[in-house]
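J.:
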Amino acid sequence: MSVTSRLQADVETVAVTGTPSVGDFVALMKPRVMSLVVFTGLTGMVAAPGHLHPVLAIIAILAIAVGAGASGALNMWYDADIDRHMARTAARPIPRGLVSAGEALGFGIVLSVASIMTLGVLVNWTAGGLLALTIGFYIFVYTMWLKRRTPQNIVIGGAAGAFPPMIGWAAVTGGISIESVLLFLIIFMWTPPHFWALALYRCRDYERVGVPMLPVVAGPKETRRQIVIYSLLLVPLAVAPSFIGLGGAAYGATSVVLGIVFLWFAFKVARVTEGREADHAAKQLFGFSIFYLFALFAVLLTEHVIATVTGAQVTGLGLF
15 MSVTSRLQAD VETVAVTGTP SVGDFVALMK PRVMSLVVFT GLTGMVAAPG HLHPVLAIIA
75 ILAIAVGAGA SGALNMWYDA DIDRHMARTA ARPIPRGLVS AGEALGFGIV LSVASIMTLG
135 VLVNWTAGGL LALTIGFYIF VYTMWLKRRT PQNIVIGGAA GAFPPMIGWA AVTGGISIES
195 VLLFLIIFMW TPPHFWALAL YRCRDYERVG VPMLPVVAGP KETRRQIVIY SLLLVPLAVA
255 PSFIGLGGAA YGATSVVLGI VFLWFAFKVA RVTEGREADH AAKQLFGFSI FYLFALFAVL
315 LTEHVIATVT GAQVTGLGLF
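Position 155 of the sequence shown, counted from 1, bears residue number 169 in the working numbering, the numbering being contiguous throughout.
(1) Just verifying my parser: in three-state terms, what is the DSSP assignment at H67?
(2) If we count Cβ pairs, one from each stretch, closer than 8 Å, do we get three or more for the region 88–105 versus the region 113–128?
(3) Can you give me the C-alpha to C-alpha distance between T18 and M158, rounded to a whole angstrom?
(4) Hey, quick one: how far does the alpha helix (DSSP H) through I200 stretch, first residue to last?
(5) Can you look up P34 in the DSSP assignment and give me helix, strand or coil?
(6) State the DSSP-derived secondary structure class of H99, mapped to helix, strand or coil.
(7) Short check: CB of L277 to CB of Y306, under 8 Å?
(8) What does the Cβ neighbour count give for H208, buried or exposed, with the cut at 16 atoms within 10 Å?
(9) Rounded to whole angstroms, what's the CA-CA distance from D95 to F39? Just pull it up for me.
(10) Can the beta-carbon of V283 be found closer than 8 Å to that of R238?
(11) Measure the alpha-carbon distance for A326 versus L70 and round it to whole angstroms.
(12) Going by Cα to Cα distance, which pick from Y244, G64, R290 and V286 is closest to I343?
(13) What residues in its chain sit with their C-beta under 8 Å from that of F302, if we drop five residues either side in the sequence?
(14) Mind checking which residues open and close the alpha helix (DSSP H) that includes G261?
(15) Got a sec? Which residues, its chain only, sit under 6 Å from G171 by beta carbon, not counting five neighbours each side?
(16) Leaving out five residues on either side along the sequence, give the residues of the same chain with a beta carbon under 6 Å from the beta carbon of P107.
(17) Do you know offhand how far G182's Cα is from A82's?
(18) Excluding the 5 residues flanking R216 on each side, which residues of the same chain have their C-beta closer than 7 Å to its C-beta?
(19) To the nearest angstrom, report how far apart F308 and A184 are at their CA atoms.
(20) So does the region 308–321 actually touch the region 55–64, counting three or more Cβ pairs closer than 8 Å?
(21) Distance check for P179 and S194, CA to CA, integer angstroms please.
(22) Taking the alpha-carbon of T268 as reference, which of I258, G259, A252 and W204 has the nearest alpha-carbon?
(23) Which residue wins for smallest C-alpha separation from A174, given the options G233, T324, G188 and I78?
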């Protein structure tokens, strides 16, 4: 019996006891991931030129949040067989028997349809279409196709998590621009070093369930090399908004300083390769990477909020 078949057989023996609580369904939506999705989506919305009625803006943010939650629920439904055997995911609602796989599937489908239709009908169909693409990409391309087949799962699948600022931008403008694509690319390039740092110290988890994360397939040394490569690509890309007028002086300075720190942690991961110190270095990069992305978008959001209130414009280096 294959690893996947054995795990599927195991998860089917988990009995659901009692009635699921509201908290169980909230947990299915991956609220921590959802909060980052909402935040980057809001930043894209605020940074976009133009105006969206406050009620429609709230509807758009809620739709993005619900769409992200739908993706989380559908991911937990499909990955229930491996979640039970990984320390990081064993406490999720389905492995614990709090919610059945069928309930999670139905919940995810209802949220998906509701969020897409709400955003498309009440805001615009460019934003609604991008939300549909995000959910579909995360479930069908990443979760079902790539995750268990290739060590490039995070590289390609990371696109799903990079769409929210484009959705927020499209909600306001009705279209896609170089600015929103740049925000997409920042998150896209951030995803591999972020998740590979996690995979380095969770390698045994992935190995046990047969998920071919890069450390499992190519080894820690190659993973560390790839982390450095993607970090070197990410940092200048993250500074780029200040060159096209999307980010101002505060963003430019913040992105440079944080980028230097990010690279320091990435090179530390590459340099420290043995024992607990190696795990500690990977955990440091993983933790800082979350702060890094949050801080970049927080400064960008703050600059545009201030510009809106004062009637000024965000002024970068103005090279383009």
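C-beta: ideal position from N, C-alpha, C; glycine also. Being a predicted model, the structure only gives us computed values, none of them experimental.
T.: Straight from the coordinates:
(1) In this structure, H67 counts as coil in the three-state DSSP scheme.
(2) Judged by Cβ distances under 8 Å, the region 88–105 makes contact with the region 113–128, as three or more pairs qualify.
(3) Because T18 sits at a pLDDT of 46, beneath the cut-off of 50, its placement in the model cannot be relied upon, and the point is left open.
(4) Segment I192 to Y215, the alpha helix (DSSP H) holding I200.
(5) In this structure, P34 counts as coil in the three-state DSSP scheme.
(6) The answer is coil: DSSP assigns H99 none of H, G, I, E or B.
(7) Taking C-beta atoms as the reference points, L277 and Y306 fail to come closer than 8 Å.
(8) By the Cβ neighbour-count rule, H208 is buried, with 16 or more other Cβ atoms within 10 Å of its own.
(9) CA-CA distance, D95 to F39, rounds to 18 Å.
(10) In this structure, R238 lies closer than 8 Å to V283 by Cβ.
(11) Their backbone Cα atoms lie some 24 Å apart in a straight line.
(12) Because the chain in this structure spans residues 15 to 334, residue 343 falls outside the shown range and cannot be described.
(13) Cβ neighbours of F302 beyond the five flanking positions: V275, F276 and F279.
(14) Note, G261: premise wrong, no alpha helix (DSSP H); not H, not E.
(15) Non-local C-beta neighbours of G171 in its own chain, meaning closer than 6 Å and more than five positions away in sequence, comprise Y156 and L160, ordered along the chain.
(16) Take P107, set aside five residues on each side of it, and the residues of its chain with a beta-carbon closer than 6 Å to its own are D38, A41, L42 and V113, in chain order.
(17) Cα to Cα, the separation comes out at about 13 Å.
(18) Result list for R216: R102, in chain order.
(19) For F308 and A184, the distance between alpha carbons rounds to 21 Å.
(20) Pairwise C-beta distances place the region 308–321 in contact with the region 55–64, as three or more of them are shorter than 8 Å.
(21) Taking the straight line joining both Cα atoms gives about 7 Å.
(22) When I258, G259, A252 and W204 are compared, the shortest CA-CA separation from T268 is found for A252.
(23) It is I78 whose Cα lies nearest to the Cα of A174.
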